[in-house]
Amino acid sequence: MHWIEYHRFTFCTETKSQTISCYWPNPLVESYIIRIHKHFFSNCTLEHVVWVDPPDDTLTILILVPVFLTLAMIALVVWCSKRSDILA
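So the number in my numbering is just where the residue sits in the sequence shown, counting from 1, plus 2.
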């Protein structure tokens, strides 16, 4: 939901810059945006994401499914290529 406020802020900044006939973004506007970010987002807590391996059963499935699908596709291609005279 924060992206909506940021979008509104960006739109407002762009509109006001165009009203006073200056190009957007420019160094003055950019420094203003940076000051706003430093002021409002300086006290944000940093939550570090701890990546955890999936359970062994899930990991096994995630590995074996693509392997079996690949083997099945290879077998299908080989089988179809041997039967090309019948299918044509």
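We put the CB at the ideal spot given by N, CA and C, even for glycine.
Check: In terms of residues, what are the limits of the alpha helix (DSSP H) holding C82?; Outcome: 58 to 84
Check: What are the boundary residues of the alpha helix (DSSP H) that includes V31?; Outcome: 29 to 43
Check: Look at F35 and T15 and say whether their C-beta atoms are less than 8 Å apart.; Outcome: Looking at the sequence itself, residue 35 is Ile, so the reference to Phe does not match. Their beta carbons are under 8 Å apart, which means I35 touches T15 by this criterion.
Check: With distance defined between alpha-carbon atoms, name the residue in S23, C24, S83, V31 nearest to T12.; Outcome: V31
Check: Does DSSP put Y25 in a helix, a strand or coil?; Outcome: coil
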